[in-house]
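Numbering (our numbering), first residue to last: 2 to 158.
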Ligand code: DQA
């Protein structure tokens with residue numbers, strides 16, 4: 002059994018991401034959040050992880066889930082959506098994290114409007130994957146699996 006076996010990864014999604022599929026498909030693609038959930042679950046199983054995907058339009062609820070991850074020491078893949086660019090409250094919550102955190106975006110915010118260039122979350126994440134649509138989530142899950150393996154190795158040595 003791998004070190005990452007059976008760890009639950011919270012895949013958290015911020016505002017408007019429930020609309021994927023019909024929301025600006027030329028930017029965000031045609032995959033729905035359900036498609037993303039299915040792809041994440043399938044890959045998580047391959048990686049020996051469990052995936053718990055959630056979405057909210059509510060900043061307080063999202064921060065509550067981050068607190069839950071902190072308490073349960075769960076890794077997080079997070080698409081903060083528009084909160085990326087201005088939520089210091091979300092950033093402060095994430096700064097208390099107790100497990101890997103990978104920021105994820107479907108689009109490439111750096112290639113879009115200026116207000117999307119800043120991420121207040123990036124500085125407290127292990128890394129960011131952006132610009133690959135649904136595949137961004139798969140790459141982020143692989144990054145989490147790698148970080149968990151590295152952590153387990155450093156505890157053993
Ligand atoms: C997004 C990029 C954000 O700028 C935007 O507000 C979103 C989605 C993405 O996944 O590309 O809602 O996080």
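All residues carry an ideal CB built from backbone N, CA and C; glycine is no exception.
What is the C-beta distance between residue i and residue j, in whole angstroms, given that I count them as a contact (C-beta under 8 Å)?
i           : j           : result
residue 34  : residue 44  : With a Cβ gap of about 16 Å, residue 34 and residue 44 do not count as contacting.
residue 135 : residue 28  : About 13 Å separates the two Cβ atoms, so there is no contact after all.
residue 39  : residue 60  : Residue 39 to residue 60, Cβ: 27 Å. No contact.
residue 18  : residue 56  : 5 Å
residue 63  : residue 101 : Going by Cβ atoms, the distance from residue 63 to residue 101 rounds to 18 Å, so no, they are not a contact pair.
residue 125 : residue 92  : 6 Å
residue 128 : residue 103 : 6 Å
residue 120 : residue 86  : 7 Å
Give the range of the beta strand (DSSP E) segment to which residue i is assigned.
i           : result
residue 105 : 102-106
residue 67  : Counting along the chain, residue 67 falls outside any beta strand (DSSP E), though it belongs to the alpha helix (DSSP H) covering 60-73.
residue 13  : 8-14
residue 96  : Segment: none, residue 96 is in no beta strand (DSSP E) and carries neither H nor E.
residue 20  : Where residue 20 is concerned, there is no enclosing beta strand (DSSP E), given that its DSSP letter is neither H nor E.
residue 109 : Where residue 109 is concerned, there is no enclosing beta strand (DSSP E), given that its DSSP letter is neither H nor E.
residue 53  : 50-56
Please determine whether the Cβ atom of residue i lies at a distance below 7 Å from any heavy atom of the ligand DQA.
i           : result
residue 110 : yes
residue 91  : no
residue 85  : yes
residue 32  : no
residue 82  : yes
residue 13  : no
residue 118 : no
residue 142 : no
residue 106 : yes
residue 18  : yes
Measuring alpha carbon to alpha carbon, tell me which residue in the options is nearest residue i.
i           : options           : result
residue 137 : 149, 9, 109       : 109
residue 117 : 148, 143, 84, 144 : 84
residue 111 : 76, 26, 123, 147  : 123
residue 49  : 8, 74, 115, 128   : 8
residue 159 : 144, 92, 97       : This structure cannot speak to residue 159, because the chain is shown only from 2 to 158.
residue 145 : 65, 75, 24, 54    : 75
From which residue to which residue does the alpha helix (DSSP H) around residue i run?
i           : result
residue 156 : 135-157
residue 1   : With the chain covering only 2 through 158, there is no way to say anything about residue 1.
Checklist entry - Within the chosen definition, does the region 5-19 reach the region 70-87 through at least 3 CB pairs nearer than 8 Å? => result yes
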